[in-house]
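Engineer:
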Amino acid sequence: MDAWTLEGSRITDPETLSRLREMLADKSPLIIEHRFYRETRAPHRFICDDADVLDEYLQESRPGDSFQVWSYRSLCRDDNRLLQGKMPDAEGRTPRGGVA
Numbered sequence: 001m002d003a004w005t006l007e008g009s010r011i012t013d014p015e016t017l018s019r020l021r022e023m024l025a026d027k028s029p030l031i032i033e034h035r036f037y038r039e040t041r042a043p044h045r046f047i048c049d050d051a052d053v054l055d056e057y058l059q060e061s062r063p064g065d066s067f068q069v070w071s072y073r074s075l076c077r078d079d080n081r082l083l084q085g086k087m088p089d090a091e092g093r094t095p096r097g098g099v100a
């Protein structure tokens, strides 16, 4: 029905897993979007910085699920953020110093 093939991309191919591990070893967390095959649920999005955790997560997925992967370091920078804000104290004040 869905034309399953051996030619499609597979997240579990050794080359793909090796590339993911290399990116994580370069200290760039990965942004992962897990799209569920034939499910009515929304995609699950998360940030992963540990190859073993990613391996475990992939083992829990189901045939046909799709994974989109981006480099956190290349996408999430101060020069392209949408907004920034600090948590105020009980009086509504925020510090001028500290983290941006």
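Be aware that the sequence shown starts at 1, since it is given in full-length UniProt numbering, and climbs by one per residue. We treat Cβ as the ideally placed atom computed from N, Cα and C, and that holds for glycine.
My output table needs one value for Q68: the three-state DSSP class, helix, strand or coil.
Structural biologist: One-based indexing of the sequence shown puts residue 68 at position 68. Reduced to three states, the DSSP call for Q68 is strand.
Engineer: Quick one: is L30 buried, meaning 16 or more other Cβ sit within 10 Å of its Cβ, or exposed?
Structural biologist: Within the sequence shown, the letter at position 30 stands for residue 30. Counting Cβ neighbours within 10 Å, L30 comes out buried, since at least 16 surround it.
Engineer: Which residues does DSSP list as the beta-bridge partners of L20?
Structural biologist: Position 20 of the sequence shown, counted from the start, is the residue given in the question as residue 20. Note: L20 sits in no beta bridge, so no partner.
Engineer: Does M87 pass the burial test, meaning 16 or more other C-beta atoms within 10 Å, or should it be called exposed?
Structural biologist: As a first step, residue 87 must be located in the sequence shown, where it is residue number 87. The residue in question, M87, is exposed, as its Cβ has fewer than 16 Cβ neighbours within 10 Å.
Engineer: Check whether the Cβ atoms of Q68 and E15 lie closer than 8 angstroms to each other.
Structural biologist: Residue 68 sits at position 68 when you count from the first residue of the sequence shown. Residue 15 sits at position 15 when you count from the first residue of the sequence shown. Not a contact, by the Cβ cut-off of 8 angstroms.
Engineer: Mind checking L54: buried by the 16 CB within 10 Å criterion, or exposed?
Structural biologist: Within the sequence shown, the letter at position 54 stands for residue 54. Burial call: buried.
Engineer: Could you compute how far the alpha carbon of E22 sits from the alpha carbon of R93?
Structural biologist: Along the sequence shown, one-based indexing puts residue 22 at 22. Along the sequence shown, one-based indexing puts residue 93 at 93. Using only the alpha carbons, I get a separation of about 43 angstroms.
Engineer: Thinking G64 and Y37 are a contact (beta carbons under 8 angstroms), I'd like their distance in whole angstroms, please.
Structural biologist: The residue you call residue 64 lines up with position 64 of the sequence shown. The residue you call residue 37 lines up with position 37 of the sequence shown. Yes, G64 and Y37 are in contact; Cβ-Cβ is about 3 angstroms, under 8 angstroms.
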